[in-house]
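Novice:
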Ligand code: ADP
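Numbering (the working numbering), first residue to last: 668 to 1289.
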């Protein structure tokens, strides 16, 4: 655990290239705007330093007032122009900054969405997504990364500017003086001492900065990891739908305790980080101040001895202290960019995750006669995280227009069979064929477009009824109504205040409008309507009526043949009565096809699994 919180060592320039590429991709105008902003901001102090010193000297030496006024006007005018450019670019930058953050979130979402399902469900991938999401927002995210990198150039420029400005301090010795103090301050020894002090303060400053960066990074890793656990438990408590279980089983205490443990870890990490960084910061500040005092003494004495003018005092003091702060800033920036590289690396790592599933390009033949035939040929499968075969040498054909029912005990492999059909996973052995061609060879989007699927764990969202049915913001009203009617839920929707525009569920606050909470059976019917709306040639329903009451279930099955009409349909069902209307029934048992045939032939086989299952359920209906 501790090791995961430590910063990795990453190559500075390779990271820089990658991160800049990412920023440019997310918002191409961000980089030029940031360059202009940094340039204007950086040039302002020099304006004062150079022209300000000139004005003081002009005043002291009694130069013509007109000349002084001209320099003053140039100073004020240039400052105004620079300030205007700086403010405008700053505002643009802040907009682009948000845009970069927003697009980055979109990219992470889209990456997760298009990732191979078996890669996505790995714990390491979920962790990486959480890190990419959380870490890229740390320390100002990508927007700040670019500004810091530009600052690096700006700070480098400031250092050179400061060195040039203060050069005169070491060269010019205009008057001769006497005594040990004069001798010392006129000698190179004093320069070296000052330089030594400067280097020492920079060294201490950079060491302190590096240590603080490491402490903050470790703290942030704990924040991301424990934060994920904390929010999980907090959402459980806040989740309206979970409320009943939590109340009845009195689970709030255990949930609260687990959430608070995670929160405690975050708080401890934060407190420790504050203590450590404050201690280290105090040391850096002390060293910095010692140096500033030394500079004042050095420049002041030189002025007293007439080695420099009074006007030059401020110029040199500003230049030396600027050099000190800027070299310190240079190291601090290098260290913080390095830290940010570690933060942004999780985003790069996520973006570089490659799908392993073979992506075919073959277009799916558009057939108006819906002549699509599917075949499982010797298919065996185990999940990537286990060696246990869940499907064992499964072979059978699904003909056009056929209505197939799949039955079997829990864990027999029925849902897995559907997952393979939809290519959420590929078979470990054997192949699945569409019209004689391995489904891996087809363009995935086209292939999946052939299916309308209602999964067992279907989701209804806090959108309107119509948006839920159409699975999108735009829809054909007539088709929505027809699908709702076919799924047997239209009457209920008409009872709602805004009809098909009524918003469902309570998990999202939307102004004054309250989401309508509907029953499990009603949700299942809406999910069914969504599958019907899609109007694809192959319909797959995994336990489509499990939440329906017997009357609603019978009603649906009576109309099922009309609903799916000439489409090919696969039903997974525990209700044996629902299998009767199917052309063929396949019985799964521990990953194998144990029996298949029509209802009549299977029920007649008294030693068979189907017969046993039928008998077991039939006794409740007599
Ligand atoms: P059914 O739909 O017939 O109830 P499933 O196809 O869902 O059964 O599951 C078949 C077996 O595969 C079960 O033993 C289940 O525990 C296992 N299984 C399902 N999903 C996964 C997964 N993502 N990773 C590992 N094993 C899984």
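Note that CB positions come from ideal geometry on N, CA and C, so glycine has one too.
Classify residue 761 as buried or exposed, calling it buried when 16 or more other Cβ atoms lie within 10 Å of its own Cβ.
Specialist: Per the 10 Å Cβ criterion, exposed.
Novice: For residue 670, which residues in the same chain have their Cβ closer than 7 Å to its Cβ, ignoring the five residues on either side in sequence?
Specialist: Residue placement at residue 670 cannot be trusted, given a pLDDT of 47 that sits under 50; what the coordinates show is reported in the next sentence. No residues qualify anywhere along the chain.
Novice: Between which two residues does the alpha helix (DSSP H) containing residue 921 stretch?
Specialist: Taken as a continuous stretch (DSSP letters only), the alpha helix (DSSP H) holding residue 921 covers 919-971.
Novice: Using DSSP with H/G/I as helix, E/B as strand and the rest coil, what is residue 1100?
Specialist: Residue state, collapsed to three classes: strand.
Novice: For a test of your reading of the model: does the CB of residue 1095 fall under 8 Å from any non-hydrogen atom of ligand 1? Yes or no.
Specialist: No, the beta carbon of residue 1095 sits no closer than 8 Å to any heavy atom of ligand 1.
Novice: Please determine whether the Cβ atom of residue 1083 lies at a distance below 8 Å from any heavy atom of ligand 1.
Specialist: For ligand 1, at least one heavy atom lies less than 8 Å from the Cβ of residue 1083.
Novice: Taking Cβ to Cβ, would you say residue 706 is nearer than 9 Å to residue 807?
Specialist: No, these two residues do not count as a Cβ contact at 9 Å.
Novice: Going by C-alpha to C-alpha distance, which of 732, 735, 785, 1265 sits closest to residue 1021?
Specialist: Among 732, 735, 785, 1265, the Cα nearest to that of residue 1021 is on 785.
Novice: CB residue 1005 to CB residue 679, shorter than 9 Å?
Specialist: Cβ atoms of residue 1005 and residue 679: closer than 9 Å.
Novice: Please determine if the stretch 821-838 and the stretch 704-720 are in contact, where contact requires at least 3 C-beta pairs separated by less than 8 Å.
Specialist: Counting Cβ pairs under 8 Å, three or more are found: they touch.
Novice: For the beta strand (DSSP E) that contains residue 1261, what are its first and last residues?
Specialist: Per DSSP, residue 1261 belongs to the beta strand (DSSP E) from 1259-1264.
Novice: Pull up the distance between the alpha-carbon of residue 798 and that of residue 962, whole angstroms please.
Specialist: Looking at the two C-alpha atoms, the distance is approximately 45 Å.
Novice: Are the CB atoms of residue 1088 and residue 1193 within a distance shorter than 9 Å?
Specialist: Their beta carbons are not under 9 Å apart, which means residue 1193 does not touch residue 1088 by this criterion.
Novice: From residue 1191 to residue 1116, what does the alpha carbon distance come to, in whole angstroms?
Specialist: Taking the straight line joining both Cα atoms gives about 21 Å.
Novice: Check whether the Cβ atoms of residue 1151 and residue 1127 lie closer than 9 Å to each other.
Specialist: Result no, Cβ atoms of residue 1151 and residue 1127 do not sit closer than 9 Å.
Novice: May I have a chain-ordered list of the alpha helix (DSSP H) segments no shorter than 4 residues that lie completely inside the stretch 1129-1190?
Specialist: Counting whole runs of 4 or more residues, the stretch 1129-1190 contains the alpha helix (DSSP H) stretches 1132-1137, 1144-1153, 1157-1162.
Novice: Do you know offhand how far residue 831's Cα is from residue 775's?
Specialist: So the two alpha carbons sit approximately 47 Å from each other.
Novice: Going by the beta-carbon positions, is the gap between residue 1304 and residue 814 smaller than 9 Å?
Specialist: The structure shown has nothing for residue 1304, since the chain only spans 668 to 1289.
Novice: Rounded to the nearest angstrom, what separates residue 1032 and residue 1165 at their Cα positions?
Specialist: If you take the alpha carbons of residue 1032 and residue 1165, they lie about 41 Å apart.
Novice: Excluding the 5 residues flanking residue 1234 on each side, which residues of the same chain have their C-beta closer than 6 Å to its C-beta?
Specialist: 1204, 1206, listed in sequence order.
Novice: Since residue 1209 and residue 1106 should fall inside the 8 Å C-beta cutoff, what is the C-beta to C-beta distance between them, to a whole number of angstroms?
Specialist: Wrong, their Cβ atoms sit about 19 Å apart, outside the cutoff.
Novice: Hey, would you say residue 1075 sits closer than 9 Å to residue 1261, going by beta carbons?
Specialist: Yes.
Novice: From the DSSP output, read off the bridge partner residues of residue 1070.
Specialist: Looking at the DSSP assignment, residue 1070 forms a beta bridge with 1236.
Novice: Flag this pair as yes or no: are the beta carbons of residue 933 and residue 894 separated by less than 9 Å?
Specialist: Cβ atoms of residue 933 and residue 894: closer than 9 Å.
Novice: Since I believe residue 1120 is in contact with residue 1043 (beta carbons under 8 Å), could you give me their beta-carbon distance rounded to a whole number of angstroms?
Specialist: That belief does not hold up - the Cβ atoms of residue 1043 and residue 1120 are roughly 17 Å apart, past 8 Å.
Novice: Among the residues of its own chain, which have a CB less than 7 Å from the CB of residue 1240, if the five just before and after it don't count?
Specialist: Hits under 7 Å: 1072, 1074, 1210, 1246.
Novice: Less than 6 Å between C-beta atoms, sequence neighbours within five positions excluded: which residues of the same chain meet that for residue 1125?
Specialist: Cβ within range, chain order: 1194.
Novice: Helix, strand or coil: which one does DSSP assign to residue 1251?
Specialist: Three-state result, residue 1251: strand.
Novice: Exposed or buried, which one is residue 1000 when buried takes at least 16 other CB atoms within 10 Å?
Specialist: Looking at its Cβ environment, which holds 16 or more other Cβ atoms inside 10 Å, residue 1000 is buried.
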